[in-house]
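Chemist: After the structure tokens below, expect a handful of questions from me.
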Amino acid sequence: MFHAPMLVHHLLGLRFGHPIYLFQQIGSTNEEARRLAEGGGQEGLIVVAEEQTAGRGRAGRKWITPAGSAIAFSLILRPPLPPARAARLIMLAGVAACEAIEQTTGLRAELKWPNDVLIAGKKVAGILSESAVLGDQLEYAVLGLGLNVSFAPLAAEVDFPATSLQAEAGREVDRLKLLRAILTGLEAHYPFLMDERLYQNWRARLAMMGRPALAHTESGAHRGRAEGVDADGALIFRLDSGEALRLTAGDVRLRPI
Numbered sequence: 000m001f002h003a004p005m006l007v008h009h010l011l012g013l014r015f016g017h018p019i020y021l022f023q024q025i026g027s028t029n030e031e032a033r034r035l036a037e038g039g040g041q042e043g044l045i046v047v048a049e050e051q052t053a054g055r056g057r058a059g060r061k062w063i064t065p066a067g068s069a070i071a072f073s074l075i076l077r078p079p080l081p082p083a084r085a086a087r088l089i090m091l092a093g094v095a096a097c098e099a100i101e102q103t104t105g106l107r108a109e110l111k112w113p114n115d116v117l118i119a120g121k122k123v124a125g126i127l128s129e130s131a132v133l134g135d136q137l138e139y140a141v142l143g144l145g146l147n148v149s150f151a152p153l154a155a156e157v158d159f160p161a162t163s164l165q166a167e168a169g170r171e172v173d174r175l176k177l178l179r180a181i182l183t184g185l186e187a188h189y190p191f192l193m194d195e196r197l198y199q200n201w202r203a204r205l206a207m208m209g210r211p212a213l214a215h216t217e218s219g220a221h222r223g224r225a226e227g228v229d230a231d232g233a234l235i236f237r238l239d240s241g242e243a244l245r246l247t248a249g250d251v252r253l254r255p256i
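By numbering that gives the first Met the number 0, the letter at position 54 of the sequence shown is numbered 53, and the numbering carries on one by one without gaps.
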């Protein structure tokens with residue numbers, strides 16, 4: 000189990016991860032981080048939980064985190080970004096999570112647009128970015144990550160096949176080492192949020208590009224292919240009819256056929 004002195008020691012030298020708020024059990028790390036951000040919490044503040052009882056994914060979906068089985072944290076950022084470029088934060092978290100997984104386990108990690116991390120085609124992590132706007136830029140952003148280390152939800156509990164790092168690697172995975180690797184990656188890429196290289200790195204990791212898929216939107220299910228993504232993180236989806244849709248994250252779900 001994580002303990003505060005242990006976390007402080009293992010995250011020495013990093014700007015992201017200080018101060019640390021550690022909870023053995025909490026409803027949602029994102030909710031707590033948002034509360035702290037509203038109260039003036041500094042950039043780099045992190046909320047870590049051993050167990051989440053009301054963790055959320057995109058569109059309010061549940062993210063299950065039994066005690067000691069995952070990495071669940073939320074990080075406060077205060078980036079000088081206009082709201083229209085907020086998807087860059089999802090790119091940042093996706094790239095950092097994939098790199099950390101590969102460094103610590105040797106497993107190949109991919110991304111499913113817009114905010115899931117995959118191992119062998121199965122979901123191992125989800126990213127949730129929430130922000131507040133002040134004037135023409137973000138006042139703050141809370142970047143949440145839930146990563147299955149030794150536990151994967153049952154198929155009936157999630158909307159996409161899930162797995163864990165331990166199941167895929169066939170061995171135990173050091174959560175402290177993994178957490179440090181993720182935060183190190185976030186900190187390293189953060190100054191380059193608007194850099195073309197971050198976008199290209201993120202785009203190169205996207206699974207399902209060019210494959211038949213269903214895009215579930217508010218207007219219904221659309222059959223076609225994920226053709227590409229633009230620099231603002233929107234998905235270009237080519238319908239079987241030939242029409243191209245530009246889809247932003249919102250409540251769009253992309254499923255392979």
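A virtual CB, placed ideally from N, CA and C, is assigned to each residue, including glycine.
From a predicted model like this one, the values you see are computed outputs, not experimental measurements.
Report the CB separation of G145 from A71 in whole angstroms; it is logged as a contact under 8 Å.
Modeler: Position 146 of the sequence shown, counted from the start, is the residue given in the question as residue 145. Position 72 of the sequence shown, counted from the start, is the residue given in the question as residue 71. Contact holds; Cβ gap of about 5 Å.
Chemist: For a quick check, are the C-beta atoms of P160 and K121 less than 8 Å apart?
Modeler: To locate residue 160, count along the sequence shown from 1; it is residue 161. To locate residue 121, count along the sequence shown from 1; it is residue 122. Yes, these two residues count as a Cβ contact at 8 Å.
Chemist: Could you please give me the residues that DSSP links to I126 through a beta bridge?
Modeler: Walking along the sequence shown from the start, residue 126 turns up at place 127. Per DSSP, L144.
Chemist: For G16, I'd like the list of residues in its chain whose CB is within less than 6 Å of its CB, leaving aside the five on either flank, ordered along the chain.
Modeler: As a position in the sequence shown, residue 16 is number 17, starting the count at 1. Same-chain partners within the cutoff: L10, I45 and L182.
Chemist: In whole angstroms, give me the CA-to-CA distance for L213 and L238.
Modeler: Walking along the sequence shown from the start, residue 213 turns up at place 214. Walking along the sequence shown from the start, residue 238 turns up at place 239. A direct Cα-to-Cα measurement between L213 and L238 gives close to 9 Å.
Chemist: Does Q284 come out as helix, strand or coil in the three-state DSSP assignment?
Modeler: A query on residue 284 cannot be resolved here, the shown segment of the chain reaching from 0 to 256 and no further.
Chemist: Could you pull the DSSP bridge partners for D115 from this structure?
Modeler: Sequence index remark: in the sequence shown, residue 115 carries index 116 (1-based). Looking at the DSSP assignment, D115 forms a beta bridge with K111 and G125.
Chemist: How big is the Cα-Cα spacing for I25 and V47?
Modeler: Sequence index remark: in the sequence shown, residue 25 carries index 26 (1-based). Sequence index remark: in the sequence shown, residue 47 carries index 48 (1-based). Whole-angstrom Cα-Cα distance: 9 Å.
Chemist: In whole angstroms, what separates the C-alpha of L13 from that of R33?
Modeler: Counted from its first residue, the sequence shown places residue 13 at position 14. Counted from its first residue, the sequence shown places residue 33 at position 34. For L13 and R33, the distance between alpha carbons rounds to 21 Å.
Chemist: In the stretch 184 to 208, which residue ranges form an unbroken alpha helix (DSSP H) of at least 4 residues, counting only runs that do not cross its ends?
Modeler: Taken in chain order, the complete alpha helix (DSSP H) segments of 4 residues or longer contained in the stretch 184 to 208 are 195 to 203.
Chemist: The beta strand (DSSP E) that contains P255, what's its start and end?
Modeler: For the purposes of this step, residue 255 is taken as residue 256 along the sequence shown, with counting starting at 1. R252 to P255 is the extent of the beta strand (DSSP E) around P255.
Chemist: With three or more beta-carbon pairs closer than 8 Å as the criterion, would you say the stretch 132 to 149 touches the stretch 74 to 89?
Modeler: Contact between the stretch 132 to 149 and the stretch 74 to 89 is present: 3 or more CB-CB pairs across the two stretches fall below 8 Å.
Chemist: Beta-carbon within less than 8 Å of A206's beta-carbon, same chain only, minus the 5 sequence neighbours each way: which residues are those?
Modeler: Stepping through the sequence shown from its first residue, residue 206 is reached at position 207. Cβ within range, chain order: E109, L110, K111, L117 and G120.
Chemist: Cα-Cα, which of R196, H2 and V172 is closest to Q102?
Modeler: Here residue 102 corresponds to residue number 103 of the sequence shown, with the count starting at 1. Here the closest residue by C-alpha is V172.
Chemist: Assuming L6 and I19 are in contact, meaning their beta carbons sit under 8 Å apart, how far apart are those beta carbons, in whole angstroms?
Modeler: To locate residue 6, count along the sequence shown from 1; it is residue 7. To locate residue 19, count along the sequence shown from 1; it is residue 20. Indeed, because the Cβ distance is near 5 Å, the residues count as touching under 8 Å.
Chemist: Since G93 is in the alpha helix (DSSP H), which residue starts that stretch and which ends it?
Modeler: Translated into the one-based positions of the sequence shown, residue 93 becomes position 94. Where G93 is concerned, the enclosing alpha helix (DSSP H) stretches over R87 to T104.
Chemist: Identify which residue in R202, L177, H188 and N200 has its Cα closest to the Cα of A259.
Modeler: Nothing about residue 259 can be reported from this structure: the residues present for the chain run from 0 to 256 only.
Chemist: At a threshold of 7 Å, does T64 count as lining the ligand FAD (C-beta to nearest heavy atom)?
Modeler: Inclusion of the ligand FAD in the displayed structure is not the case, the ligand content being empty and no account of it being possible.
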